[in-house]
Amino acid sequence: MKPAAFAYHRVERTEDALERLAELGDEAKVVAGGQSLVPMMNFRLVRPPALVDISRIPELRYVMRDGDSLRVGALTRHREVECLSDPDIVSGYEVLPAAARWVGHLPIRTRGTFGGSIAHADPSAEWCMMAVLLDATVVVAGPEGEREIAARDFFLGFFTTTIEPGELVVEVRFPRPRPLAAIQEFARRHGDFAVVAAAVAVDLDGDRIDDARVVVGGVDEVPLRAEAAEEVLDAASAGDDTFAEAARAAAAAVEPSSDVHGSAEYRKELTAVLVRRALADAVARRGGTEDGRGA
Amino acid sequence: MAREVAPPTPTAAAGRWVGRSIRRYEDPRHLTGTASFVDDIQRTGLLHLAYARSPHAVARIRAIDTSAAARLDGVRAVLVAQDLDAAAPLRPILNRDDFVGVEMPLLAQDRVRHVGEPLALVVADSPHVAEDAAERIEVDYEVGEAVIAMDAALAQDAPRVHDEGNVLLDAAFHDDPELDGLLEDAALVVEETISSARVTAVPMEGRACLAEWDDRDQRLTLWSSTQVPHVVRTTVAALLGMPERALRVVAPDVGGGFGQKCVVAREEALACIAARRVGAPVKWVEDRRENLIAGFQGHEQRFALRAGFDGDGRLLGVAADISCDVGAYSTHPFTCGVEPLMAATELLGPYAVRHYRAHARAVATNKPPMAPYRGVSRPQMVLAMERLLQRAARRLELDDVEIRRRNLIPADQLPWTGPAGLVLDSGSYHESLELCAGALHVEAFRARQRAAREEGRLLGLGLACFAERTGYGTEAFNQRKMSVTPGYDSAIARMDPTGGVTIYVGTSGHGQGHLTTLAQVAADHLGVDPDQIEVRQSDTDSTPYGWGTFASRSMVVGGGATQRAATALADRVRRLAAHLLEAAPEDVELRDGRAFVRGSPEHALSFADLARVAYLEAQKLPEDERPGLEAQATFDPPGTFSNATHGCVVEVDPETARVRIERYVVAEDCGVMINPAIVEGQVRGGVAQGIAAALYEELVLGEDGQPQTTSLMDYLVPTAAEIPPIEILHLETPSEYSETGAKGMGEGGTMGAPACVATAVADAVAHLGIEIDRVPVRPDHLLAALRRAEPAERGASR
Amino acid sequence: MSDVHLISLVVNGTRHEVAVEPRRTLADVLRHDLGYTGTHVGCEHGICGACTVLLDGEPCRSCLIFGVQADDTAVETVEGLAQEGKLNPLQEAFTEHHALQCGFCTPGFLMLATALLRENPAPSDDEIREAMASNICRCTGYQSILEAVRAAADAAGEAHRE
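Chains as they are written, first to last, in my numbering: chain A, 25 to 319; chain B, 3 to 800; chain C, 30 to 191.
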């Protein structure tokens, strides 16, 4: 399982990356952590004639708080998000380090990058789900400059985004803290890609739910906003009955496929279970911090 | 996390070293990265081999165009079937009328019969270029209709995998004219059909081999990741039409085998051919995709059982119809008959059944061939028997432990001859059941289970009792009528002129710690510490002819040969010492590398002194003693059975159907344990593979034979997060047939775990009317069954 | 298409310069260009972890990194663990607890455990299990590996306190 031959270019500045991509043309690929790309290359599922290695661009590796918003540089490693602990940076965004612990295993998390995961666009990937859940903006740099794309518009299908050839994800920006958020996953083995994952975020006004977001991964080509579930939740009273109803609505709304890890029917069942558990988890955070481990 | 281990209380006379968990001599090389697996071997001018493999399950090959491949920079040779000179195909045979022999070509020529079948090879400067070139080989296929499911293969007018037909073994194994009458009159008749999925061994190192021709000596050396170096030598030399003495086969460090490497691979012969053709050393390293797609596989079986019980739950008779999906070819030397024949022979296990009928068949399909993967058919047969007992217990409202109590063969009835003639020599079936059940606190569990059910939680208890056939010799293998009859093994014990001891043995350890355990056996007889004994294995140039390591044979057969050779060497040492010390040999003791007359330890001769005389001062030898200090021995036992009871507690999540194993207990008896830590390691590793078979692993193919589990993301080998701690309790019933008192036990873990886990899951959901009759138990299927059962029976919803 | 790059990397404290084709992974380079065959290749798609090494102190899968990406880095492999021919405490713990059988996965587990214990010298049992679940072993059933890492952590803790 050796990859096909390719030319290798390493850059240390964003401008150089863009310039090199422009020179090399559409078939060149960007490599950062390589944790998604290199296995595909080893299987020869993809055969880019050229790789542009951006992993050492220092200015793209940061996590910073900008007022309410959290800005994650594209080259931030999963592990760095997992280890975020400074309350000045992470408070209200605890769901991100919680989600990081679901990403593969430790040796994957030391190399894999936030931006790489977003650009790879696996619909059950944690960062893709988080981006949709928290209404993130994906900042993309290109030859014409930077542009901002709302997460809900960014993912088009399996491994497909609105990034144009020659463009680069440089940042993912989360607009506002959502302390009452949680993610729950079901995988056959620890560390595997989720068969189904559910991520939720709510605001609470007393007992009343507001601005609910429910995102399901593993059931569609993109991380799916379960709007039917959100409608059940908005203005409803937080509690087991509400969560169960929202969960049922989410399950009814998804049309997953079958594969070796689970039938379509199973994925629907899991959708309901995981949405319900995630809601209970998210709301429970109101009392303080809690560990969002799941199914 | 302390290991709970009851130290064994040896009833046999173990010496100072047998019975001790000493550290392994194998370890330092692995811990420091100085081990040498095939892909670690470096050679000047080494070239690399890659294969073009069929993407189709069935096709006629109309044409192969290798020109684009051959043109690639760095490619040295491209070979197809027509280029293989006089090399013969593999034709594994059983000399039985009910067996159909088929040929496995080294490279497919006119037709391919499974996805991954090799049809061309490339030799190139690097594995990267070899793979580039293999891709450029163009094959004109006429794709045919694949036979994938066993039932499809058995259907009338099924497409033929081979011209000879799809049933390669059709054995009316045993019959009993009284059986039908018994079943008719039985108080309870239970019928069931149990099936298990196709799985693959996934050793961490795939297959690999390196072939090099020596011009000066006119000999070929094949380094191979194999469990059976002598078998490979004999077979490959014959395939290539070369004198066997001109071929040396060496297994260097081998990264696991589990039976996938106890048969000869076509790639081993092909590497030799390629090396001669290009005049340079050639190496092939199987990658994981090849290993998962085309590597030898197994365990895809179906047991249809019909059994009669009396009103007290005693088994009166069992009728079994067994089908094994053996893939597209037989493997050599065990053939496709190994799974069905082992299933039929050993199905009844440790249970006192007097009336038996078994029909067993090997069914060919367009899948990669079966090789005997750890446990062979025993995981499946134990599953079938334990589910049978579980069903009967439920119907008769008997406790699961009690029904086994009533059916296990009591110790005082051993040796027991089963209805088809299989003899169980010794064992502790009831004791292991009681020990295991005791550890699980079954009564208390039942109360907890009932309470949990009220809360809508699903807890279950599983049990599996079995007897593991091990260390069988020529006579036992001869029953199978293979073209070559494995069974005996050999050892040479040699003391060199400085008194250093080396044991050369015909078995071939690859993780089992033989360099340590065989040294322990020899040490007790030679009176030296085991770290003064070097064990050499796996090199056909220096070791006596032997059958390698598989079928839980090495401690029994290799250990027996080692003990005999060591004893014979010790006798020679004593005789020589007696002569030099002017005493009678029976009065000479060997201890700490010295020989002395009992009672006068200060008048001693060191082994160095004695060896010096034997080799370098032969004038001092007695008249009838020849120079040198060496002894060779063979050992050929009838075989001996170890036994165990596995028990576990599981919880099934009613919302996701995830199965979590809360506790797993093994009460095992393998006779005298040479090295208890190594025994426990084998149990744990085997149980892990068995849990994998119960809950995770399955090779999935589409209807057209396209494999869908082609990476470790899809073929689910469990991690440390999925495997619970295994509590191990030991019993010791020494074998009368093994010289050391040891019994084999390497496969027991895989034999008990699928049944143990499946019966536990079944126990958790039986009250809902759900039966568990297939492994692996998939969560989606289980959840669907839970949902179907819901309206009527489910407890309080969450 | 395929150019050759000169890379420089330090392996277990020794600097190496080597010319490599971009598609050679770090595992390939370590094993076949530099002769550090202790690191093994088990899957080439980042699941089994047999190829685990430390890159600038962090555990990673060397089958998923191209050698050219490791230019100007410090790599630690299993060959660097023993000190002057003596097994280090982690290696000792592995042999003491029978935490290896065929040995093929062992270097990967050793490097993984080394990384774990450096970052978290007093891990809980769950943390050990979680970290060790990164790699696959087919022989041991994992229990003895977990026990060995536990013992190594405890021994280091003892040594620290002394």
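Even for Gly, the Cβ is constructed at its ideal location relative to N, Cα and C.
4 or more residues per run - each alpha helix (DSSP H) lying fully within the stretch 263-325 of chain B: 268-280 and 290-296
For the stretch 679-691 of chain B, which residues have a CB atom closer than 9 angstroms to at least one CB atom of chain C, in sequence order? A679, I680, E682, G683, Q684, V685, R686, G687, G688, V689, A690 and Q691
Neighbour-count burial assignment, R18/B, 16 or more Cβ in a 10 Å radius: exposed
Residues that E653/B contacts on chain C, provided the C-beta gap is smaller than 9 angstroms: Per Cβ cutoff of 9 angstroms: no residues; E653/B is ~18 angstroms from chain C at best.
Would R90/C count as contacting chain B if we go by Cβ distances under 8 angstroms? no
For L400/B, which of helix, strand or coil comes out of DSSP? coil
Residues in the same chain with beta-carbon distance under 7 angstroms from V537/B, minus the five sequence neighbours each way, listed in chain order, please. I505, V507, H516, L517, L520 and A521
Looking at the unbroken alpha helix (DSSP H) that takes in M140/C, where does it start and where does it end? T135 to E148
Rounded to whole angstroms, how far is the Cβ of L703/B from the Cβ of K369/B, which I believe are closer than 8 angstroms? 7 angstroms
Nearest by alpha-carbon distance to P30/B: which of L129/C, E73/C and S163/C is it? L129/C
Contact list for P136/C against chain A, beta-carbon separation under 8 angstroms: None at all; the shortest Cβ gap to chain A is about 13 angstroms.
Is any beta-carbon of chain C found at less than 8 angstroms from that of V125/B? no
Same chain, Cβ closer than 6 angstroms to R600/B, five either side skipped, listed in chain order: D589 and E591
Output yes or no for whether 8 angstroms exceeds the beta carbon distance between L158/A and A225/A. yes
Spatially closest choice to R448/B from A394/B, D765/B, S128/B and D153/B, by CA coordinates: D765/B
Taking its Cβ as the centre, do 16 or more other Cβ atoms sit within 10 Å of T185/A, making it buried, or is it exposed? buried
Who are the near neighbours of D112/A in its chain, counting only those whose CB is closer than 8 angstroms to its CB and skipping five residues on each side? R89
Minimum Cβ-Cβ distance from R45/B to chain C less than 8 angstroms: no
How about R614/B and P499/B: do their beta carbons lie closer than 8 angstroms? yes
With 8 angstroms as the threshold, decide whether the Cβ of A37/B is near any Cβ in chain C. yes
Using beta carbons (cut-off 8 angstroms, strictly below), is T658/B in contact with chain A? yes
Using the C-alpha atoms, what's the distance from G75/C back to G114/C? 31 angstroms
Compare the C-beta of R796/B against all C-beta atoms of chain A and say whether one is closer than 8 angstroms. Interpretation of R796/B is limited by its pLDDT of 46, a score under 50 that renders its predicted location unreliable; the figure taken from the coordinates is listed afterwards. Chain A, which has no Cβ nearer than 8 angstroms to the Cβ of R796/B, makes this no.
Could you list the residues in the stretch 62-79 of chain C with a C-beta less than 8 angstroms from some C-beta on chain B, going in chain order? G64, Y65, T66, G67, T68, H69, V70, G71, C72, E73, H74, I76, C77 and A79
Who are the neighbours of S287/A on chain B, taking C-beta pairs under 7 angstroms? D782
Counting only Cβ-Cβ distances shorter than 8 angstroms, please list the residues of the stretch 138-163 of chain C near chain B, keeping chain order. L139, D154, R158, E159, M161, A162 and S163
Are the C-beta of S544/B and some C-beta of chain C separated by less than 8 angstroms? no
Only counting the same chain, and skipping five residues up and downstream in sequence, which positions put a Cβ closer than 7 angstroms to that of D154/C? R179
In its own chain, which residues sit with a C-beta less than 6 angstroms from the C-beta of T419/B, not counting the 5 before and 5 after it? V425
List the residues that DSSP assigns as beta-bridge partners of W225/B. L212/B and V252/B
Report all residues from its chain with a CB closer than 6 angstroms to the CB of A386/B; omit the five preceding and five following residues, and keep chain order. I196, F305 and L307
First through last residue of the alpha helix (DSSP H) which encompasses F217/A: Looking at the DSSP string, F217/A is not in any alpha helix (DSSP H), and its letter there is neither H nor E.
R44/C touches chain A at which residues, Cβ-Cβ below 9 angstroms? Within chain A, no residue comes near R44/C; the closest Cβ sits about 19 angstroms away, beyond 9 angstroms.
Tell me the rounded alpha-carbon separation between E314/A and I207/A. Per-residue confidence for E314/A stands at a pLDDT of 46, beneath the threshold of 50, marking its modelled position as unreliable; the derived number appears in the next sentence. When rounded, the distance between both Cα atoms is 12 angstroms.
Taking all protein chains shown into account, do 16 or more other C-beta atoms lie within 10 angstroms of the C-beta of H176/B, making it buried, or fewer, making it exposed? buried
Select from the stretch 692-723 of chain B all residues with a C-beta closer than 7 angstroms to any C-beta belonging to chain C, and list them in chain order. S713, L714, M715, V719, T721, A722 and A723
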